[in-house]
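Asks: First the structure, then my questions, so here it is.
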Amino acid sequence: MSEKRFSLFLLVICLLPVTLTGLVFADEPPGSEFADIVLMNGTVYTVEYGTDWQETPQEAIAIHGRSILAVDTNSGIKQYIGPDTQVHDLMGKMVLPGFIDTHIHLGAAAQIMAGVDLLSCTSLSEIQSNLSDYAEKNKDVPVIRGFGWNYFLFNESGPHKEMLDEVISNKPVILTSFDGHATWVNSRALEIAKITDSTPDPTGGKIERDAEGNPTGVLREMAASNLVTSKVPPLTIAQIKEMLEKILPKASEAGITTADDAAVSPEIISAFADLEDEGKLPVRVFGEIVALPELGVEEIPLMEAERSIFYPGYPTIEEGYSYIDDLPGLLDGESSYNITLSTLPDYSDDEGLFRIQTGKLFLDGVIEGHTGYLIEPYTDEPSTYGTINWDVNKFQDMIEALDSLGFQIDIHAIGDGAVRMCLDAYQNAQEKNGIRDSRHKISHIQLIDPTDVHRIHDLGIIAALQPNWFYYDENFDHVSLPYLGKERAHQMYALKTILDSGGMVAFGTDYPVGTDYLTYNPLDGIRTAVSRLPLPPDSPITEPYRPEELIDLKTAIEAYTYWGAYTNFMENSTGTLEQVKLADIVVLDSDIFSLPPEDINKAKVIATYLEGKQVFADAEFSADTA
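First residue of the sequence shown: 71, per our numbering; consecutive thereafter.
Structure below.
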């Protein structure tokens with residue numbers, strides 16, 4: 071049994087001191103001049119921040135142990151080739167730092183895979199058929215779970231419990247929508263949770279009701295969904311592990327070497343910890359602990375305990391960590407604060423591949439559910455502004471408290487109203503606690519009021535965005551235009567605007583949450599960021615969405631590499647290809663700088679290295695040793 075098993079940590083937490091290690095990730099240059107692995111005759115883009123790296127690629131890279139020994143020309147790298155060095159002839163192929171996904175849900179994807187896949191369903195009858203088939207094949211499963219149903223398969227009355235009762239009535243059915251913000255359940259699930267016409271909506275959630283006030287079976291947002299999910303047995307750690315072992319190799323196949331899992335439960339934490347102890351973790355994972363609105367600051371001791379086990383080197387205010395004075399992008403313009411910052415040493419610890427340093431808060435919902443929180447009301451429902459999952463005062467208190475304890479914070483914010491609340495809370499924390507190198511995040515930012523854009527820069531916030539959403543699709547006509555109105559619908563996903571204001575941007579996928587084209591491939595996101603064209607290959611749309619928000623390829627790559635590393639306080643250890651840094655490397659079959667923007671995602675990952683270890687290679691990647 072793993073020493074890091076979450077189920078045990080409460081028994082020993084008082085015996086585990088939190089220490090500031092000051093360790094660095096990468097190995098020191100070895101005494102031997104010979105490399106373990108050499109990649110030669112390629113196009114090696116180092117992505118060194120602040121340089122014109124795309125104009126001056128190298129040809130070869132040498133790896134020793136976990137680290138990069140050298141990046142040089144072919145002739146310059148030959149001195150590192152010894153009798154036991156494995157040499158790969160890349161024949162001109164492209165080499166980049168490993169991709170860093172700053173917003174993905176690996177644990178949630180594992181949980182989803184343990185149930186019914188509804189993502190491909192295009193009708194109610196297809197959903198019912200899939201449920202029936204699954205129930206017949208899994209008669210011993212106490213709860214029928216599923217993921218991926220789409221709001222737009224139903225008329226205005228929406229899905230309801232009777233549609234599920236027709237198929238399964240003797241056990242609870244719990245189906246999560248494709249965006250993760252609504253749960254559709256049958257009557258048995260409502261019965262177990264004791265949800266009736268007299269059950270009040272929980273704070274930050276909504277129980278959908280029919281004209282007579284009876285629950286329809288649709289529960290909006292986590293607070294409402296938890297009314298049911300908390301009353302049924304969760305998936306076991308063993309089940310989650312089994313599914314993660316199927317998912318994680320796909321991340322490596324996509325070139326992902328670091329992933330920020332944006333919502334981890336105790337079971338997911340235990341599964342990751344066990345996989346690492348068993349040597350089965352091919353991706354570096356930063357888990358984000360979800361803070362529950364109903365608990366608020368009362369949850370902080372538990373969050374601190376989790377962090378102390380899974381990131382013991384992470385500093386807290388009490389340990390006297392200092393502040394940074396050279397934060398890229400923060401001080402190169404006019405700031406709202408005249409505060410002098412000091413220097414923060416690198417504090418990446420060397421304990422393993424799974425860490426926890428971040429607290430995660432879900433502030434609002436999603437536009438398609440009328441739960442994304444807006445400054446002005448919804449166009450099609452003028453009586454609503456959306457949903458705030460937190461009491462405003464509790465939210466500010468939580469942000470201030472987590473910030474004072476040295477947590478990095480990530481907040482889900484879709485609507486412009488929610489984004490403004492995030493910025494206000496971060497500003498309040500800075501005013502109360504002082505400015506530090508927090509690297510707090512706001513995830514998604516589907517809408518931001520133009521007057522708030524500069525505040526991302528001024529407050530040193532990282533905009534964690536998912537560019538694979540940035541195009542016209544059927545949801546635009548069905549949701550964005552009628553729900554938001556024309557003006558706001560054409561203000562979404564202001565990527566270049568944020569960058570031009572000096573804001574820091576890091577990319578991710580949000581997988582398995584998606585639009586009509588589900589993807590965990592960073593090349594899809596890069597392609598969309600530079601083209602704003604639909605990802606589905608059969609889309610009839612040929613015009614980019616908001617072409618004024620297009621960015622160049624260099625910037626898009628940096629958002630998936632250097633700025634991802636920066637987000638995780640690892641820019642001195644990974645994110646670029648430089649001597650002594652960790653050998654986190656991805657090899658592509660073609661140079662995407664030579665491809666038309668719309669074809670960038672046609673390039674394929676042919677090899678991925680994590681800390682010098684090959685975690686993926688396809689048949690195209692030569693294994694010949696010189």
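Even glycine gets a Cβ: it sits at the ideal position worked out from N, Cα and C.
(1) What did DSSP end up calling W633 once you bin it into helix, strand or coil?
(2) Quick check on M491: does DSSP put it in helix, strand or coil?
(3) What's the gap between the Cα of Y221 and the Cα of K276?
(4) Drop a sphere of 10 angstroms on the beta-carbon of H560, count the other beta-carbons inside from all chains shown, and report buried for 16 or more, exposed for fewer.
(5) Specify the secondary structure class of W123 as computed by DSSP and reduced to three states.
(6) Can you tell me whether G682 is buried or exposed, with buried defined as 16 or more other CB within 10 angstroms of its CB?
(7) Using 7 Å as the threshold, is the C-beta distance between L517 and G476 below it?
(8) Evaluate L188 with the Cβ neighbour count: other Cβ atoms within 10 Å of its Cβ, from every protein chain shown; 16 or more gives buried, anything less gives exposed.
(9) Expressed to the nearest angstrom, what Euclidean distance is found between the alpha-carbon atoms of S609 and P537?
(10) If you drop the 5 nearest sequence neighbours on each side, which residues of the same chain put their C-beta closer than 7 Å to that of G390?
(11) Under three-state DSSP, which class holds K511?
(12) Kindly identify the DSSP beta-bridge partner or partners of E358.
(13) In the structure shown, what three-state DSSP assignment does K311 receive?
(14) Whole angstroms is fine: what's the gap from D594's alpha carbon to N296's?
(15) Count the other CB atoms, across all protein chains shown, that sit within 10 Å of the CB of V489; report buried if there are 16 or more and exposed otherwise.
(16) Taking Cβ positions, are S268 and K231 nearer each other than 7 Å?
(17) When DSSP labels each residue in this structure, what does Q128 get in the three-state scheme?
(18) Counting along the chain, where does the beta strand (DSSP E) carrying S247 start and finish?
(19) Who are the near neighbours of G283 in its chain, counting only those whose CB is closer than 8 Å to its CB and skipping five residues on each side?
(20) Decide if S643 is buried, meaning its Cβ has at least 16 other Cβ atoms within 10 Å, or exposed.
(21) Taking its Cβ as the centre, do 16 or more other Cβ atoms sit within 10 Å of S664, making it buried, or is it exposed?
(22) For L109, which of helix, strand or coil comes out of DSSP?
(23) Which parts of the segment 260-324 are runs of the alpha helix (DSSP H), unbroken and 4 residues or longer, counting only runs that do not cross its ends?
(24) Does L554 come within less than 7 Å of chain D when only Cβ atoms are used?
(25) Could you tell me how far apart the beta carbons of V141 and L680 are, in whole angstroms, since I believe they sit closer than 8 Å?
(26) Under the rule that 16 or more other beta-carbon atoms within 10 Å means buried, what is S453, buried or exposed?
(27) Give me, in chain order, the residues of the same chain whose beta-carbon lies closer than 7 Å to that of N591; leave out the 5 immediate sequence neighbours on both sides.
(28) Output needed for V685: all residues of its chain with C-beta closer than 6 Å, excluding positions within five of it in sequence on either side, in chain order.
Replies: In this structure, then:
(1) helix
(2) helix
(3) 16 Å
(4) exposed
(5) coil
(6) buried
(7) no
(8) buried
(9) 17 Å
(10) Note that G390 scores 31 on pLDDT, short of 50, meaning its location in the model is unreliable; the coordinates nonetheless yield the value given after this. None.
(11) strand
(12) T428
(13) helix
(14) 33 Å
(15) buried
(16) no
(17) strand
(18) V243 to S247
(19) D267
(20) buried
(21) exposed
(22) strand
(23) 291-299 and 307-323
(24) This model lacks chain D altogether, as it is built from one protein chain only.
(25) That belief does not hold up - the Cβ atoms of V141 and L680 are roughly 18 Å apart, past 8 Å.
(26) exposed
(27) A324 and N671
(28) S322, P352 and T678
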